[in-house]
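Number of protein chains: 2
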Amino acid sequence: MRLSTKSRYGLRAMFDIAYNCGTAPTQIQDISRRQHISQRYLEQIFQSLKKGGILKSKRGPQGGYMLARAPGEITLKEIIQATEGDLLLVECASKGRKKTGCEFDGVCVTQSVWLEAAANLGDFFATLTLKDLCDRGASMGVSREQDLRFVYQI
Amino acid sequence: MRLSTKSRYGLRAMFDIAYNCGTAPTQIQDISRRQHISQRYLEQIFQSLKKGGILKSKRGPQGGYMLARAPGEITLKEIIQATEGDLLLVECASKGRKKTGCEFDGVCVTQSVWLEAAANLGDFFATLTLKDLCDRGASMGVSREQDLRFVYQI
DNA sequence: GTACATACTGAGTTGTACTGTCAGGAGGTA
DNA sequence: TACCTCCTGACAGTACAACTCAGTATGTAC
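So, in structure tokens, the structure goes:
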């Protein structure tokens with residue numbers, strides 16, 4: 110049971126934007142450099158996050174990506190759901206979706222367990238926001254990069 | 110993020126043993142038939158469960174598999190750990206193990222999140238035992254198979 | 001309206017781990 | 001000795017994750 114790298118990278122990138130930049134658009138190449146994630150791959154991940162409604166983009170010079178809402182309003186659950194597609198532990202526990210094809214669907218003791226566990230995990234991630242991560246970062250002393258563009262623009 | 114089929118099948122099989130049979134050895138072919146899991150594949154899974162110390166086996170005629178402890182003493186956490194190998198959400202959050210190779214190891218905000226989430230999930234599975242599942246099965250009205258061997262042995 | 005910077009899209013590639021299958025061996029019981 | 005059951009390791013196929021690439025669209029500045 111592993112989260113895909115899309116979730117791991119996605120969370121790191123979202124944190125990176127929230128932590129290093131305020132409301133200014135962040136370019137993908139900067140995030141790529143800071144987080145050591147392939148630029149091309151990040152582009153792909155960011156499309157998922159955009160579809161999830163938690164990331165906005167702006168094209169052209171001085172363009173880039175920015176959070177769609179305030180960091181305190183974006184939960185980790187949303188981020189993981191956007192990158193992972195869902196928050197299920199097993200395929201057959203997709204409550205409310207169309208039939209799963211499992212012959213034991215509905216009369217399976219373990220199915221109920223997977224459902225509860227997934228809900229449990231979802232609740233945990235829902236309690237955390239990007240702002241919480243920023244606070245952690247600050248207290249852990251994670252270095253915060255100055256936005257170099259302003260330096261050169263003086 | 111999905112659990113492997115080894116965990117799903119493993120839990121189903123453990124439940125099957127606890128639910129359908131008491132202390133008598135259960136043969137793999139019976140479990141295979143009831144749970145619709147390939148016999149060969151089950152053998153493989155059961156080796157993991159044996160290594161985890163929650164399943165015992167007996168060879169020869171009237172042999173089979175039995176729970177190593179009482180159903181109330183076997184938690185789902187043990188079962189999943191035995192089949193899954195661990196209970197991590199990401200590779201880099203393997204607390205206490207040797208270095209993971211991640212360049213952000215130790216100074217990563219997200220790492221701490223994955224650790225907590227995994228601990229959370231582990232705690233959830235630790236609160237449930239096979240006995241709990243049997244209770245659920247009974248109240249859900251899951252059919253319990255009579256042990257056919259005794260019928261034919263009259 | 002040209003040049004440039006940035007995001008956007010979809011198709012390709014590669015590796016590896018999951019999900020089994022198979023053949024044969026080992027160990028008990030009668 | 002015969003049979004039953006578990007045990008083991010090797011093997012195969014397939015799907016998916018994890019990227020990579022080429023090219024396109026769209027916005028800003030001059």
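So the sequence lines, in the order shown, correspond to chains A and B. Convert by adding 109 to the 1-based position in the first sequence; the result is the number in our numbering. Convert by adding 109 to the 1-based position in the second sequence; the result is the number in our numbering. Backbone N, C-alpha and C define an ideal beta-carbon position, used for all residues, glycine too. None of the values given here were measured: they were computed from a predicted structure.
Residues that residue i contacts on chain A, provided the C-beta gap is smaller than 8 Å
i: residue 242 of chain B; result: 218, 219 and 222
i: residue 198 of chain B; result: 110, 111 and 112
i: residue 161 of chain B; result: In chain order: nothing, as chain A lies at least about 16 Å away.
i: residue 193 of chain B; result: 110
i: residue 246 of chain B; result: 218
Endpoints, beta strand (DSSP E) assigned at residue i
i: residue 157 of chain B; result: Residue 157 of chain B -> not in any beta strand (DSSP E); alpha helix (DSSP H) instead, spanning 148-160.
i: residue 164 of chain B; result: 164-167
For residue i, the three-state DSSP class (helix, strand or coil)
i: residue 123 of chain B; result: helix
i: residue 175 of chain B; result: strand
i: residue 192 of chain A; result: helix
i: residue 114 of chain B; result: helix
i: residue 130 of chain A; result: coil
i: residue 211 of chain A; result: coil
i: residue 321 of chain B; result: The structure shown does not extend to residue 321 of chain B, since chain B is modelled only from 110 through 263, so no value can be given for it.
i: residue 200 of chain A; result: helix
Residue span of the alpha helix (DSSP H) that contains residue i, given as start and end
i: residue 182 of chain A; result: First-last for residue 182 of chain A: undefined, no H or E at that position.
i: residue 234 of chain A; result: 218-235
i: residue 242 of chain B; result: 239-249
i: residue 138 of chain B; result: 137-144
C-alpha distance - residue i paired with residue j, whole-angstrom precision
i: residue 241 of chain B; j: residue 247 of chain B; result: 10 Å
i: residue 165 of chain A; j: residue 187 of chain A; result: 15 Å
i: residue 200 of chain A; j: residue 131 of chain A; result: 38 Å
i: residue 226 of chain A; j: residue 181 of chain A; result: 26 Å
i: residue 129 of chain B; j: residue 145 of chain B; result: 15 Å
i: residue 148 of chain B; j: residue 141 of chain B; result: 5 Å
i: residue 215 of chain A; j: residue 124 of chain B; result: 16 Å
i: residue 236 of chain B; j: residue 185 of chain B; result: 8 Å
i: residue 231 of chain A; j: residue 169 of chain B; result: 47 Å
i: residue 219 of chain B; j: residue 122 of chain B; result: 35 Å
i: residue 155 of chain B; j: residue 233 of chain A; result: 32 Å
i: residue 191 of chain A; j: residue 153 of chain A; result: 12 Å
i: residue 173 of chain A; j: residue 126 of chain B; result: 57 Å
i: residue 139 of chain B; j: residue 238 of chain B; result: 23 Å
i: residue 260 of chain A; j: residue 171 of chain A; result: Any reading at residue 260 of chain A needs caution, since the residue's pLDDT is 39, under 50, leaving its predicted position unreliable; the model's value is listed next. Cα to Cα, the separation comes out at about 15 Å.
i: residue 133 of chain A; j: residue 179 of chain A; result: 13 Å
i: residue 251 of chain B; j: residue 135 of chain B; result: 19 Å
Nearest-angstrom Cβ-Cβ length linking residue i and residue j, presumed shorter than 8 Å
i: residue 120 of chain B; j: residue 137 of chain B; result: That pair is no contact at about 16 Å.
i: residue 221 of chain B; j: residue 245 of chain A; result: 7 Å
i: residue 177 of chain A; j: residue 163 of chain A; result: 5 Å
i: residue 193 of chain A; j: residue 113 of chain A; result: 6 Å
i: residue 254 of chain B; j: residue 143 of chain B; result: 6 Å
Closer than 7 Å at the beta carbon, the chain A residues around residue i
i: residue 129 of chain B; result: Correct list: empty, because the minimum Cβ distance to chain A is about 12 Å.
i: residue 122 of chain B; result: Those do not exist, as residue 122 of chain B stays about 10 Å from chain A at its closest Cβ, beyond 7 Å.
i: residue 233 of chain B; result: 226 and 229
i: residue 237 of chain B; result: 222
Interface residues of chain B facing residue i [CB-CB closer than 7 Å]
i: residue 212 of chain A; result: 145
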